[in-house]
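Just so you know, the protein sequences line up as chains A and B, in that order.
The opening position of the first sequence corresponds to residue 14 in this note's numbering, with each subsequent residue numbered one higher.
The opening position of the second sequence corresponds to residue 14 in this note's numbering, with each subsequent residue numbered one higher.
C-beta: ideal position from N, C-alpha, C; glycine also.
Scroll down for the structure; my scribbles are underneath it.
Protein chains: 2
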Amino acid sequence: MSKSEKREEIVRAALEIIAEHGFHGAPIAMIASRAGVGAGTIYRYFANKDILIAALYQEIEERLYPFILRGYEPARPIRERFLHLGAALLRYCIENPLDFRYVEQFHNSPYGAALRRARLLGEGGERETFRALFEDGISQQVVKELPVTVLCALAFGPIFAVVRDHILDFTRVDDALMAKTVAACWDGIRR
Amino acid sequence: MSKSEKREEIVRAALEIIAEHGFHGAPIAMIASRAGVGAGTIYRYFANKDILIAALYQEIEERLYPFILRGYEPARPIRERFLHLGAALLRYCIENPLDFRYVEQFHNSPYGAALRRARLLGEGGERETFRALFEDGISQQVVKELPVTVLCALAFGPIFAVVRDHILDFTRVDDALMAKTVAACWDGIRR
DNA sequence: GTGTCCGGAATGAATATTCATTCCCTTAGC
DNA sequence: GCTAAGGGAATGAATATTCATTCCGGACAC
C-alpha cells in the first residue's frame with residue numbers, strides 16, 4: 014500500500030465508522046484496524062484525532078460543492094436556480110449517506126458549533142451561492158421577505174429531514190419524490 | 014434538601030450540562046457537582062447514566078405534549094390546526110432552548126436512533142396528532158399528496174432549523190417571525 | 001442505638017497518545 | 001548482480017488520562 018493510499022484508507026475507515034457509530038463509538042484502534050494499519054500509523058498522517066476529524070469534514074465539503082454547482086447557471090430565473098441547487102443537494106446526500114451522516118455528527122458536536130459560528134462571520138464556501146440566490150429572489154420580489162437564515166431553514170430543513178428518514182429507511186426516496194420535495198421547499202420560500 | 018428536591022436538582026443539572034456540552038462533555042462528576050450532591054448520590058436515584066438520560070428525555074416529552082395540545086381543537090380547519098401546532102412547537106423550543114438542545118443531542122445518539130425506530134412501528138405520543146392532521150389534510154385535498162414522513166419533514170425541518178439558528182444567535186426570533194415561519198411551512202405542505 | 005441516606009475517594013475499564021523497536025525500500029560498495 | 005548499510009515509515013505494547021460505577025465510613029433521623 015503506497016503512502017497516499019494509506020492516508021486514504023485511514024480517512025475512509027474513519028468516515029465509515031464515525032458516520033455509523035458517532036464520534037464516541039469510533040476509537041482510534043477501531044479506525045486503525047478497519048483501515049488495515051497500526052494505531053500509531055494514524056498519527057503519522059494526523060497530529061491527533063481532532064485534526065483527523067476536521068480534515069475529513071473538509072474533504073467532504075470539497076466533494077460536495079463542485080457536485081452541487083455542476084451545471085449551475087446564475088443567469089437563469091430564481092426558481093430554476095433554486096430547484097437546481099436543492100435537487101443537487103438532496104441527490105448528493107441520498108447518494109452519499111456516509112458523508113451526510115458524518116456532516117450531521119460533526120455539526121452536532123463541539124467542533125461543529127465553533128465552525129458554524131466562524132462561517133457566519135467570514136465567508137463560507139457554498140453559503141455565498143445560496144445567500145446570493147435568496148437576496149436576488151427577495152429583490153426581484155419572487156421570494157418571501159424573510160431573513161436569509163430563515164430562508165435557509167425553509168429550504169434546507171426539509172431536505173435534510175427527508176434524507177435522515179431515507180437513511181433510516183422510513184421513506185424510500187426516488188427521483189420523483191426528490192423532485193416533489195424540492196418543489197415543496199420552493200413553495201415554502203416563494204412569495 | 015428533601016429527597017424529591019434532590020432528584021429534581023440532579024435532573025436539572027443533567028439537562029443543563031448535557032444540553033450545553035453533549036453527552037460526552039457531561040461526566041457524572043460534573044452533573045453531581047452542579048446539582049450540589051455527591052457523585053454516588055446520583056446512583057441512589059438512577060440505576061446508571063443511561064437510565065438518567067432516558068428518564069430526562071421522557072420528562073421533556075411530558076412537558077412538551079400538553080403545551081402543544083393546549084387549546085388545540087381537532088374540529089377546526091386543517092390550516093388553522095396546523096398553524097396552532099406549528100406555532101406551539103416553535104414557541105416551546107424557543108422558550109425552552111435547553112429542552113430543545115437536549116432532545117437534539119438525544120436524537121443524534123445511539124439512544125435516539127433506537128427510539129425513533131421503535132416509535133415508527135408502535136404509536137408515538139404526539140406523532141399521532143400530526144399524522145391524523147396530515148392524513149385529514151390529504152383526504153380533504155388541501156395538503157399535498159406526499160408520504161406523511163415527507164410532510165413532517167416539510168413542516169418540522171424548517172422549524173427546528175430556525176430554533177437552532179435562534180439558539181446560536183444567528184437569528185433573533187420574535188413573535189412576528191415565528192408566525193411568518195410557521196405560515197411559510199404551511200405554504201410548503203399545502204396544495 | 002439503630003437504620004437510612006450521603007458523599008466522595010477508590011476502582012477498574014476504556015481510550016488517546018507516545019515511543020522504542022521492527023520492517024522494508026533505496027542506494028552504495030564491491 | 002549481489003550484499004550490506006542507512007533511513008524513513010509502520011507498528012502495537014506501554015502509558016496516562018478520563019470516566020462510570022462501587023463502596024464504605026460517617027451524619028442524621030427517629
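Here the alpha carbons of residue 55 of chain A and residue 146 of chain B stand approximately 52 angstroms from one another. Inter-residue distance for residue 132 of chain B and residue 95 of chain B is about 22 angstroms (C-alpha atoms, whole angstroms). Counting the other Cβ atoms within 10 Å of the Cβ of residue 70 of chain B gives 16 or more, which makes it buried. If you look at residue 82 of chain A, you'll find it in the alpha helix (DSSP H) that goes 62 to 82. The straight-line gap separating the alpha-carbon atoms of residue 163 of chain A and residue 184 of chain B is approximately 8 angstroms. Using a Cβ distance threshold of 7 angstroms, residue 144 of chain A and residue 116 of chain A do not count as a contacting pair. Within the DSSP bridge table, the entry for residue 156 of chain B names B:203 as partners. Looking at B:179, B:87, B:29, the one whose alpha-carbon comes closest to that of residue 130 of chain A is B:179.
For a Cβ distance threshold of 9 angstroms, residue set 162, 163, 166, 167, 170 of chain A lies close to residue 175 of chain B, ordered along the chain. When Cβ-Cβ separations below 7 angstroms define contact, residue 84 of chain A makes no contact with chain B.
A buried status is given to residue 112 of chain A, since no fewer than 16 other beta-carbon atoms sit within 10 Å of its beta-carbon.
The beta carbon of residue 201 of chain A falls within 7 angstroms of a beta carbon belonging to chain B, placing the residue at that interface.
When DSSP states are grouped into helix, strand and coil, residue 148 of chain A belongs to the helix group.
Residues of the region 181 to 202 of chain B with a Cβ closer than 8 angstroms to any Cβ of chain A, in chain order: 181, 183, 184, 190, 193, 194, 197, 198, 200, 201, 202. Each of A:122, A:19, A:92 was checked against the Cα of residue 153 of chain A, and the nearest Cα belongs to A:92. Within the same chain, and ignoring the five residues on either side of residue 52 of chain B in sequence, the residues whose Cβ sits closer than 7 angstroms to its Cβ are 41, 42, 45. When Cβ-Cβ separations below 7 angstroms define contact, residue 178 of chain B makes contact with chain A. Contact of residue 61 of chain A with chain B is not assigned, every C-beta pair being separated by 7 angstroms or more. Of the other Cβ atoms in all chains shown, 16 or more fall within 10 Å of the Cβ of residue 121 of chain A; this residue is therefore buried. If you check each beta-carbon in the region 136 to 160 of chain A against every beta-carbon of chain B, the ones closer than 7 angstroms belong to 157, 159, 160. Spatial neighbours of residue 110 of chain A in its own chain (CB-CB distance under 6 angstroms, excluding positions within 5 residues in sequence) are listed in chain order as 180.
Residue contact with chain A for residue 109 of chain B: absent (no Cβ-Cβ distance below 7 angstroms to any residue of chain A). A distance below 7 angstroms separates the beta carbons of residue 155 of chain A and residue 204 of chain A.
For residue 86 of chain B, no alpha helix (DSSP H) encloses it, and the DSSP letter there is neither H nor E. Linking residue 106 of chain A to residue 157 of chain A through their CA atoms gives a straight-line distance of about 26 angstroms. Taking a C-beta distance under 7 angstroms as the contact criterion, residue 182 of chain B and residue 201 of chain A do not qualify as a contact pair. In the structure shown, the three-state DSSP call for residue 170 of chain A is helix.
The residue among B:196, B:191, B:82, B:34 with its C-alpha nearest the C-alpha of residue 124 of chain A is B:34. Boundaries of the alpha helix (DSSP H) harbouring residue 112 of chain B: 110 to 120, taken from the DSSP string. Residues of the region 112 to 128 of chain A with a C-beta atom less than 8 angstroms from some C-beta of chain B are 117, 118, 121, 122, 123, 126, listed in chain order.
In the structure shown, the three-state DSSP call for residue 20 of chain A is helix. Within its own chain, the residues whose Cβ lies closer than 6 angstroms to the Cβ of residue 20 of chain B, once the five positions on either side in sequence are excluded, are 58, listed in chain order. Between residue 139 of chain A and residue 81 of chain A the beta-carbon gap is near 6 angstroms, inside 8 angstroms, which marks them as a contact.
Taking all protein chains shown into account, residue 150 of chain B has 16 or more neighbouring C-beta atoms within 10 Å of its C-beta and is therefore buried.
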